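Trainee:
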Amino acid sequence: MAAPGENLRIDGDRLWDSLMEMAKIGPGIAGGNNRQTLTDEDAEGRALFRSWCEAAGMTMGVDAMGTMFATRAGEDPDALPVYVGSHLDTQPTGGKYDGVLGVLGALEAVRTMNDLGIKTKHPIVVTNWANEEGARFAPAMLASGVFAGVLDLDYAYGRKDLEGKTYGDELKRIGWQGEEEVGARKMHAYYELHIEQGPILEAEGRDIGVVTHCQGLWWLEFTLTGKAAHTGSTPMDMRVNAGLAMGRIFEMLQEVAMAAQPGAVGGVGQVTFSPNSRNVLPGSVVFTVDIRSPDQAKLDGMRAEIETRAAEICAELGVGCAVEPVGHFDPVTFAPELVENVRNAAERLGYSHMNIISGAGHDACWAAKVAPATMVMCPCVDGISHNEAEEISQDWAAAGTDVLFHAVLETAEIVA
Ligand code: HGY
Ligand code: MN
Ligand code: MN
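Residues 1 to 416 in full-length UniProt numbering are what the sequence shown spells out, letter by letter.
#1: Are the CB atoms of residue 260 and residue 269 nearer to each other than 9 Å?
#2: Look up residue 273 in the DSSP assignment and give the residues it is bridged to.
#3: Taking 6 Å as the limit, tell me which residues put their C-beta closer than that to any heavy atom of ligand 1, in chain order.
#4: Kindly provide the chain-ordered list of residues whose Cβ lies closer than 5 Å to any non-hydrogen atom of ligand 2.
#5: So what does DSSP say about residue 63, is it helix, strand or coil?
#6: Once DSSP output is grouped into helix, strand and coil, what is the label at residue 83?
#7: Could you check if residue 308 is buried or exposed, using at least 16 other CB atoms within 10 Å of its CB as the buried criterion?
#8: Check each candidate in 76, 136 and 162 and name the one with the smallest Cα separation from residue 121.
#9: Measuring straight from C-alpha to C-alpha, what distance separates residue 241 and residue 10?
#10: Given that a residue counts as buried once 16 or more other Cβ atoms are within 10 Å of its Cβ, and exposed if not, what is residue 17?
#11: Strictly by DSSP, which residues pair up with residue 27?
#12: CB residue 362 to CB residue 65, shorter than 9 Å?
#13: Starting from residue 219, follow its DSSP beta bridges and name the residues at the other end.
#14: In its own chain, which residues sit with a C-beta less than 6 Å from the C-beta of residue 39, not counting the 5 before and 5 after it?
#15: Across which residues does DSSP place residue 58 in a beta bridge pair?
#16: I want to check one thing, is the minimum distance from the CB of residue 385 to the heavy atoms of ligand 3 below 8 Å?
#17: Beta-carbon separation of residue 212 and residue 339 under 9 Å?
#18: Just to confirm my understanding: we take residue 280, look at its own chain, exclude 5 residues before and 5 after, and list those with CB closer than 6 Å. What are they?
#19: Are the region 245 to 262 and the region 375 to 390 in contact at 8 Å, needing three or more beta carbon pairs?
#20: Quick one: what does DSSP say residue 172 is sitting in, helix, strand or coil?
#21: Could you tell me whether the Cβ atoms of residue 264 and residue 299 are closer together than 9 Å?
#22: Which same chain residues, not among the five before or five after residue 170, have their C-beta less than 6 Å away from its C-beta?
#23: If I follow the unbroken beta strand (DSSP E) through residue 406, where does it start and stop?
#24: Pick helix, strand or coil for residue 69, following the three-state DSSP scheme.
#25: Let me know the beta strand (DSSP E) ranges lying completely inside the region 292 to 364, each 3 residues or longer, listed in chain order.
#26: Contact defined as beta carbons within less than 8 Å: I believe residue 295 pairs with residue 336. What is the distance between those atoms, to the nearest angstrom?
#27: Let's see if you can read the secondary structure: which residues bound the alpha helix (DSSP H) around residue 113?
#28: Is the beta carbon of residue 215 within less than 8 Å of some heavy atom of ligand 3?
#29: Check residue 380 in the structure and name its three-state DSSP category.
#30: Taking DSSP as the reference, what is the three-state secondary structure of residue 10?
#31: Report the rounded CA-to-CA distance for residue 365 versus residue 164, giving the unit in angstroms.
#32: Return yes when the Cβ of residue 7 is within less than 9 Å of the Cβ of residue 23, no when it is not.
#33: Let me know the secondary structure DSSP gives residue 256 once reduced to three states.
#34: In the DSSP assignment, find the unbroken alpha helix (DSSP H) run with residue 429 in it and report its ends.
#35: Could you tell me the distance, in whole angstroms, from the CA atom of residue 351 to the CA atom of residue 357?
#36: Evaluate the contact criterion for the region 56 to 64 versus the region 165 to 184: three or more CB pairs, one atom per stretch, below 8 Å.
Written out as structure tokens, the structure reads:
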């Protein structure tokens with residue numbers, strides 16, 4: 001199939017206007033977004049996205065996890081669709097582009113196909129995966145994990161936020177529990193456009209990241225049990241101090257991750273002290289260790305060492321230590337033929353590019369389990385993401401979407 005002509009470009013202004021329009025929903029306090037999954041703000045963003053898809057002539061399907069699938073018909077009714085998407089949910093102090101660029105970039109590709117009267121053999125399905133972030137309901141990529149058959153629906157429905165609300169109840173409450181069986185849809189291929197969320201592309205002066213792999217991840221939830229006691233009147237030698245154990249585990253985690261360099265990361269983003277009162281030593285401390293590496297052996301080795309040494313640290317202090325994996329995926333290799341389409345599109349369009357391994361996890365990681373999948377990345381300013389200061393340029397957004405558009409057309413096959 002002849003590749004699309006290099007003159008075929010998306011409308012960067014229309015894309016940027018849509019990004020800014022969506023960013024008005026669930027505004028943060030510092031210029032970013034707080035549109036967490038299954039909140040009223042998420043529901044509002046979903047409704048806006050649905051209206052745009054319907055205005056572009058697409059038909060909307062929703063599955064039982066709340067993932068949205070907008071279909072642009074293809075010429076061959078028997079051809080499996082090419083899925084293109086990402087996520088509209090954000091972190092509590094998220095940026096305007098993480099996930100959103102991938103969903104609205106996919107929509108812009110369809111809008112451009114409509115403008116140019118392009119027909120494709122395969123249908124195109126623009127996808128908004130529910131709960132990619134895992135910020136409110138762990139794990140991340142929950143809906144795409146159920147879609148790929150890695151996680152089951154009951155487990156997902158039972159996941160709780162910090163207020164004890166369940167995914168299933170909140171999905172029903174916002175009115176986005178769809179009828180479709182999760183994972184019943186079959187994909188010909190899957191593409192995802194995403195900001196890099198790291199510093200490499202900007203530092204190297206490249207417009208496009210040709211994503212060959214994604215690093216693997218473990219989320220290990222530790223529950224440390226100490227003895228709640230007065231911080232003033234309890235002698236130091238009588239304390240069963242879960243907070244101290246936590247501190248020593250954090251130090252050990254840093255040491256393990258640094259010893260595994262290059263190509264490994266480890267950190268903690270969320271801690272809950274109970275009773276979380278200034279003058280009470282914590283009865284319990286709960287936190288999630290996030291470790292990642294593109295190297296399977298290194299990733300599993302770090303997990304084993306951290307769990308062993310955490311147990312030793314707690315035993316020394318008389319603190320109880322329980323650990324439960326609450327998120328995991330192995331390192332991912334994306335489909336070489338789709339990766340080549342992305343590279344050729346960047347080349348054809350005259351955009352600088354380089355191979356890159358994704359540091360962050362994405363729904364593409366689970367899509368890759370059920371179909372050929374890959375990603376396109378664009379730079380972000382100073383590599384900042386999961387921070388309201390997240391920023392990209394309009395040119396980077398347009399370049400990434402141009403490449404996505406061309407790669408998708410290559411796979412969906414233009415019908416003359
Ligand atoms: O955690 C991740 O890598 C993604 O941002 N959910
Ligand atoms: Mn994302
Ligand atoms: Mn994210």
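Yeah, the Cβ is synthetic: ideal placement off N, Cα and C, and Gly gets one too. Because the structure is a prediction, the values reported are computed rather than measured.
Mentor: In this structure, then:
#1: no
#2: 285
#3: 132, 133, 134, 140, 360 and 361
#4: 98 and 99
#5: strand
#6: strand
#7: exposed
#8: 76
#9: 58 Å
#10: exposed
#11: 33
#12: no
#13: 290 and 327
#14: none
#15: DSSP output for residue 58 lists no bridge partner at all.
#16: yes
#17: yes
#18: 228
#19: no
#20: helix
#21: yes
#22: 38
#23: Where residue 406 is concerned, there is no enclosing beta strand (DSSP E), although the alpha helix (DSSP H) it sits in stretches over 394 to 412.
#24: strand
#25: 320 to 329 and 353 to 358
#26: About 19 Å; that fails the 8 Å criterion.
#27: 100 to 116
#28: no
#29: coil
#30: coil
#31: 28 Å
#32: no
#33: helix
#34: As displayed, the chain neither begins before 1 nor continues past 416, which places residue 429 out of reach and without an answer.
#35: 19 Å
#36: yes
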